[in-house]
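All remarks here apply to the structure that follows.
4 protein chains.
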Amino acid sequence: MTSVEEPPRSAGRVRDAARTRAEILDVATQEFARAGYDGARVDEIAARTRTTKRMIYYYFGGKEQLFTAALERAYGAIREAERQLDVEHLDPVAAIRRLAEVTFDHHERHPDFIRLVSIENIHGAEHIAASGKLDRIGSPALEVIRRILAAGQESGLFTADVDAVDLHAVISSFCFFRVANRHTFGVLFGRNLVDPGQREHYRTMLGDMVIAYLTADRAAG
Amino acid sequence: MTSVEEPPRSAGRVRDAARTRAEILDVATQEFARAGYDGARVDEIAARTRTTKRMIYYYFGGKEQLFTAALERAYGAIREAERQLDVEHLDPVAAIRRLAEVTFDHHERHPDFIRLVSIENIHGAEHIAASGKLDRIGSPALEVIRRILAAGQESGLFTADVDAVDLHAVISSFCFFRVANRHTFGVLFGRNLVDPGQREHYRTMLGDMVIAYLTADRAAG
Amino acid sequence: MTSVEEPPRSAGRVRDAARTRAEILDVATQEFARAGYDGARVDEIAARTRTTKRMIYYYFGGKEQLFTAALERAYGAIREAERQLDVEHLDPVAAIRRLAEVTFDHHERHPDFIRLVSIENIHGAEHIAASGKLDRIGSPALEVIRRILAAGQESGLFTADVDAVDLHAVISSFCFFRVANRHTFGVLFGRNLVDPGQREHYRTMLGDMVIAYLTADRAAG
Amino acid sequence: MTSVEEPPRSAGRVRDAARTRAEILDVATQEFARAGYDGARVDEIAARTRTTKRMIYYYFGGKEQLFTAALERAYGAIREAERQLDVEHLDPVAAIRRLAEVTFDHHERHPDFIRLVSIENIHGAEHIAASGKLDRIGSPALEVIRRILAAGQESGLFTADVDAVDLHAVISSFCFFRVANRHTFGVLFGRNLVDPGQREHYRTMLGDMVIAYLTADRAAG
DNA sequence: AATGAATGAGGCTTCATTCAT
DNA sequence: AATGAATGAAGCCTCATTCAT
Numbered sequence: 001m002t003s004v005e006e007p008p009r010s011a012g013r014v015r016d017a018a019r020t021r022a023e024i025l026d027v028a029t030q031e032f033a034r035a036g037y038d039g040a041r042v043d044e045i046a047a048r049t050r051t052t053k054r055m056i057y058y059y060f061g062g063k064e065q066l067f068t069a070a071l072e073r074a075y076g077a078i079r080e081a082e083r084q085l086d087v088e089h090l091d092p093v094a095a096i097r098r099l100a101e102v103t104f105d106h107h108e109r110h111p112d113f114i115r116l117v118s119i120e121n122i123h124g125a126e127h128i129a130a131s132g133k134l135d136r137i138g139s140p141a142l143e144v145i146r147r148i149l150a151a152g153q154e155s156g157l158f159t160a161d162v163d164a165v166d167l168h169a170v171i172s173s174f175c176f177f178r179v180a181n182r183h184t185f186g187v188l189f190g191r192n193l194v195d196p197g198q199r200e201h202y203r204t205m206l207g208d209m210v211i212a213y214l215t216a217d218r219a220a221g
Numbered sequence: 001m002t003s004v005e006e007p008p009r010s011a012g013r014v015r016d017a018a019r020t021r022a023e024i025l026d027v028a029t030q031e032f033a034r035a036g037y038d039g040a041r042v043d044e045i046a047a048r049t050r051t052t053k054r055m056i057y058y059y060f061g062g063k064e065q066l067f068t069a070a071l072e073r074a075y076g077a078i079r080e081a082e083r084q085l086d087v088e089h090l091d092p093v094a095a096i097r098r099l100a101e102v103t104f105d106h107h108e109r110h111p112d113f114i115r116l117v118s119i120e121n122i123h124g125a126e127h128i129a130a131s132g133k134l135d136r137i138g139s140p141a142l143e144v145i146r147r148i149l150a151a152g153q154e155s156g157l158f159t160a161d162v163d164a165v166d167l168h169a170v171i172s173s174f175c176f177f178r179v180a181n182r183h184t185f186g187v188l189f190g191r192n193l194v195d196p197g198q199r200e201h202y203r204t205m206l207g208d209m210v211i212a213y214l215t216a217d218r219a220a221g
Numbered sequence: 001m002t003s004v005e006e007p008p009r010s011a012g013r014v015r016d017a018a019r020t021r022a023e024i025l026d027v028a029t030q031e032f033a034r035a036g037y038d039g040a041r042v043d044e045i046a047a048r049t050r051t052t053k054r055m056i057y058y059y060f061g062g063k064e065q066l067f068t069a070a071l072e073r074a075y076g077a078i079r080e081a082e083r084q085l086d087v088e089h090l091d092p093v094a095a096i097r098r099l100a101e102v103t104f105d106h107h108e109r110h111p112d113f114i115r116l117v118s119i120e121n122i123h124g125a126e127h128i129a130a131s132g133k134l135d136r137i138g139s140p141a142l143e144v145i146r147r148i149l150a151a152g153q154e155s156g157l158f159t160a161d162v163d164a165v166d167l168h169a170v171i172s173s174f175c176f177f178r179v180a181n182r183h184t185f186g187v188l189f190g191r192n193l194v195d196p197g198q199r200e201h202y203r204t205m206l207g208d209m210v211i212a213y214l215t216a217d218r219a220a221g
Numbered sequence: 001m002t003s004v005e006e007p008p009r010s011a012g013r014v015r016d017a018a019r020t021r022a023e024i025l026d027v028a029t030q031e032f033a034r035a036g037y038d039g040a041r042v043d044e045i046a047a048r049t050r051t052t053k054r055m056i057y058y059y060f061g062g063k064e065q066l067f068t069a070a071l072e073r074a075y076g077a078i079r080e081a082e083r084q085l086d087v088e089h090l091d092p093v094a095a096i097r098r099l100a101e102v103t104f105d106h107h108e109r110h111p112d113f114i115r116l117v118s119i120e121n122i123h124g125a126e127h128i129a130a131s132g133k134l135d136r137i138g139s140p141a142l143e144v145i146r147r148i149l150a151a152g153q154e155s156g157l158f159t160a161d162v163d164a165v166d167l168h169a170v171i172s173s174f175c176f177f178r179v180a181n182r183h184t185f186g187v188l189f190g191r192n193l194v195d196p197g198q199r200e201h202y203r204t205m206l207g208d209m210v211i212a213y214l215t216a217d218r219a220a221g
């Protein structure tokens with residue numbers, strides 16, 4: 001009755017360990033995002049987990065390593081999303097728009113990731129600098145951008161002088177700001193940047209802006 | 001006995017008090033910017049001041065109020081910079097470019113303000129929401145943008161469908177991201193967004209992009 | 001009715017602070033002596049004091065500084081005892097015997113001091129080395145020994161080749177060992193070195209030995 | 001198939017087990033000596049061993065038993081050294097000097113043993129008291145001392161009233177103090193008691209002192 | 001108006017040990 | 001006989017704040 005498919009006898013524990021690690025990482029991400037690095041409470045993370053505080057230290061070593069692990073996982077997710085990007089069949093304009101939308105959507109869907117990155121910047125990026133996993137990892141999107149820009153510039157559609165990393169920065173800026181600064185922006189200007197009813201508006205606007213920039217006749221400025 | 005010319009007897013003290021307040025605020029801004037709200041240490045702020053920790057409580061009430069005061073002062077500075085903005089004599093394109101540059105320059109010059117805003121967003125903008133001084137204060141830039149957009153749209157130079165707040169968000173996004181996320185961006189992509197040698201490049205790029213967006217033929221997208 | 005003798009109004013607090021410090025030091029000495037540096041519990045020290053654990057950190061800074069302070073006070077006490085030493089009027093033999101007795105008595109009366117010194121040696125004397133108060137403080141007894149030896153050697157009573165520091169080491173050895181190693185010695189040899197009934201015996205023995213050594217004809221060995 | 005010459009199948013393991021035990025004991029001795037009983041870390045001991053922490057519990061039961069085992073082995077070594085003592089052919093004076101030298105040399109060569117004994121005394125000798133192996137084991141040296149004293153007293157060379165255990169205490173005092181308290185003594189008096197260049201000096205001094213004491217005319221004191 | 005002294009509450013971490021095979 | 005994974009209990013310390021003039 002026990003099929004060969006079944007995991008070995010110790011699998012239960014092993015799977016539990018992996019699940020526990022993942023659970024800790026989930027809760028830690030939320031807690032760090034909620035209150036910042038120093039504001040986050042290891043006790044609180046433990047309390048919202050099926051394990052104890054002790055286990056956090058057993059699995060991760062400490063608060064700092066836990067934060068780094070949460071950051072690594074979050075960056076892994078966006079890299080994965082970018083890796084899924086399939087724009088080879090699209091013309092340069094559509095491809096860039098698609099790229100902007102994927103970036104937009106990922107930021108929209110992962111506000112905690114955005115907060116983690118904000119927090120990491122408050123701390124001078126010390127954790128990713130020391131991570132080894134993230135140091136100079138770049139972004140799969142970059143290679144895609146490079147290919148699209150080359151194609152667009154070759155075909156004469158795009159202005160020739162745009163750099164891939166700069167373009168990535170421009171796209172990220174808007175996506176990031178819209179999520180990261182939504183609170184102060186909302187209070188200051190009375191406008192909710194992440195209002196679902198405005199999502200399509202901003203998504204289009206970003207694409208429009210990038211395309212306009214890439215196809216503009218610089219002499220016009 | 002005391003002529004009207006004479007300052008009141010406590011004037012020296014009063015001026016000292018004002019100076020002390022300002023000094024505390026300076027140091028607090030740096031300390032909060034350095035380590036985030038919870039990472040900042042009241043002891044550290046006091047140590048780097050000519051007063052004692054007790055005085056911080058005497059003048060501001062507590063850590064939270066001190067943070068709010070620092071934030072209020074920082075926002076006051078950028079509003080002041082925007083108020084200096086004199087673009088009435090410029091054509092819409094030049095005016096928008098000028099506005100973008102002023103915003104760019106202010107962000108460049110006040111990285112601590114940027115960090116304070118990042119931190120405030122980590123905390124859901126609770127301090128400015130409760131501030132009274134900042135709540136819905138908006139931005140002097142906004143009125144300027146509205147006027148420029150109206151002129152540009154009327155003259156047919158600008159595409160008709162751009163909103164002033166949205167444009168402000170776009171400009172702020174890039175200026176903010178470049179400073180706020182320079183650490184993670186630097187480590188991840190090996191590129192220093194605030195490299196002085198690239199400052200003019202990015203300043204121009206922002207203007208180009210905004211102008212391109214405003215003058216674009218949307219049908220092109 | 002309140003006489004001028006009375007302490008100023010803030011004296012109560014000040015005296016309380018001094019008393020509290022002293023009380024903490026008393027209890028800390030006992031606790032460190034009881035269990036060694038790492039075995040000692042800050043919580044336990046606090047519990048046996050009229051203050052809280054927090055006050056220990058307020059007054060001393062931490063466990064390590066508390067240990068150092070206890071050590072400094074204990075060394076201060078023996079130096080004071082040695083400073084009381086008045087042997088100028090005695091002949092060299094009686095003077096040396098008196099010195100040995102004072103040393104013997106101080107060790108006898110301060111077993112906690114002995115333990116503190118044992119503990120400090122386990123830790124490589126790092127605390128006194130860093131103390132500043134104790135570093136190379138030497139001992140008042142040393143100068144006394146030097147004078148006695150000089151007198152004794154000059155008069156021909158003492159063998160000429162004995163060094164003051166060496167003699168101090170010899171005297172201290174026995175006094176220290178008798179107290180510090182009484183537990184293992186007792187279990188191993190079934191003899192209580194600090195048995196009150198044997199105190200005079202050991203006190204005399206030490207003097208006899210030292211005198212014998214100082215007055216011996218080395219050729220005899 | 002298995003000849004009688006062959007070790008039993010488990011011999012390899014058994015020998016390994018014995019070697020592992022010895023290795024653990026070596027490292028434990030160093031670690032306890034380094035930091036005291038409570039300062040020593042089971043993790044550290046395990047890390048410096050080819051086994052795991054779990055094995056320490058498997059072989060010894062716990063930290064306390066491990067300390068006891070280390071102590072037992074160290075005491076076994078000095079007892080063995082004393083057992084090697086061959087002074088039957090020497091005259092009483094030479095014999096006593098030889099005994100003092102052997103004790104001196106053993107202390108010199110086993111500073112970790114000295115530290116273990118210091119630590120054990122900090123803890124009231126509770127481990128050796130409970131050991132069974134060490135309780136009232138005395139010292140082989142004692143019997144030797146007794147015989148030498150008897151011979152020396154009988155021949156009139158030695159003063160009659162010296163007890164063997166007392167003499168053992170005197171000799172041990174100096175040997176022990178010189179090693180155990182070298183750190184505080186060094187810092188306090190600026191003199192290194194275990195300076196190799198002074199070894200012979202102190203070795204001779206101890207012998208001189210003991211002989212002087214044993215041969216002295218008590219009336220002199 | 002200004003301040004030195006004191007403090008309650010909670011933070012992160014690490015220890016020796018045992019569970020479960 | 002031997003072991004990898006897990007853990008309860010407690011450790012030291014530091015934080016923002018208030019007491020009491």
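For the record, the sequence lines run as chains U, G, Y and W. Okay, so the first sequence: first residue is 1 according to the UniProt record's numbering, each after it adds one. Okay, so the second sequence: first residue is 1 according to the UniProt record's numbering, each after it adds one. Okay, so the third sequence: first residue is 1 according to the UniProt record's numbering, each after it adds one. Okay, so the fourth sequence: first residue is 1 according to the UniProt record's numbering, each after it adds one. The beta-carbon is built from N, C-alpha and C at its ideal position, and this holds for glycine as well.
In this structure, how does DSSP classify residue i when only helix, strand and coil are distinguished?
i	result
residue 105/U	helix
residue 87/U	coil
residue 149/W	helix
residue 131/W	helix
residue 181/W	coil
Under 8 Å Cβ to Cβ from residue i, same chain only, skipping five residues before and after it: list those, please.
i	result
residue 158/W	92, 149, 152, 214, 215
residue 211/Y	93, 96, 97
residue 99/Y	85, 87, 141, 144, 145, 148, 171
residue 31/G	40, 41, 44, 45, 48
residue 27/W	45, 48, 49
residue 24/Y	45, 49, 51, 55, 56, 59, 60, 66
With a threshold of 9 Å between beta carbons, is residue i in contact with chain U?
i	result
residue 124/G	yes
residue 99/G	no
residue 134/G	yes
residue 144/G	no
residue 148/G	no
residue 203/G	no
residue 2/G	Because the pLDDT at residue 2/G is just 38, under 50, the model does not fix this residue reliably, and the point stays unresolved.
Assign residue i to buried or exposed, taking buried as 16 or more other Cβ atoms, counted over all protein chains shown, within 10 Å of its Cβ.
i	result
residue 190/Y	exposed
residue 224/Y	Given that chain Y is displayed from residue 1 to residue 221, the structure contains no residue 224/Y and the question cannot be resolved.
residue 75/W	buried
Below 7 Å CB to CB, which residues in the same chain sit around residue i once its five sequence neighbours on both sides are set aside?
i	result
residue 43/Y	53
residue 188/U	none
Looking at the C-beta of residue i, does it have a partner C-beta in chain Y at a distance below 9 Å?
i	result
residue 215/W	yes
residue 120/W	yes
Which same chain residues end up closer than 6 Å to residue i when comparing Cβ atoms and leaving out the 5 residues on each side of it in sequence?
i	result
residue 144/G	85
I'd like to know whether the C-beta of residue i is nearer than 9 Å to at least one C-beta of chain W.
i	result
residue 91/Y	no
residue 222/Y	Because chain Y in this structure spans residues 1 to 221, residue 222/Y falls outside the shown range and cannot be described.
Taking 9 Å as the threshold (beta carbon to beta carbon), is residue i in contact with chain G?
i	result
residue 43/U	no
residue 222/U	Only positions 1 to 221 of chain U appear in the structure, and residue 222/U is not among them; the question remains open.
**Request:** Could you name the residues of the stretch 180-201 of chain U whose beta carbon sits closer than 9 Å to any beta carbon of chain G, in the order they occur along the chain?
**Result:** 180, 181, 182, 183, 184, 185, 186, 187, 188, 189, 190, 191, 193, 201
**Prompt:** Relative to chain Y, which residues along the stretch 150-178 of chain W have a C-beta separation below 8 Å, given in chain order?
**Reply:** 165, 166, 168, 169, 170, 172, 173, 174, 176, 177, 178
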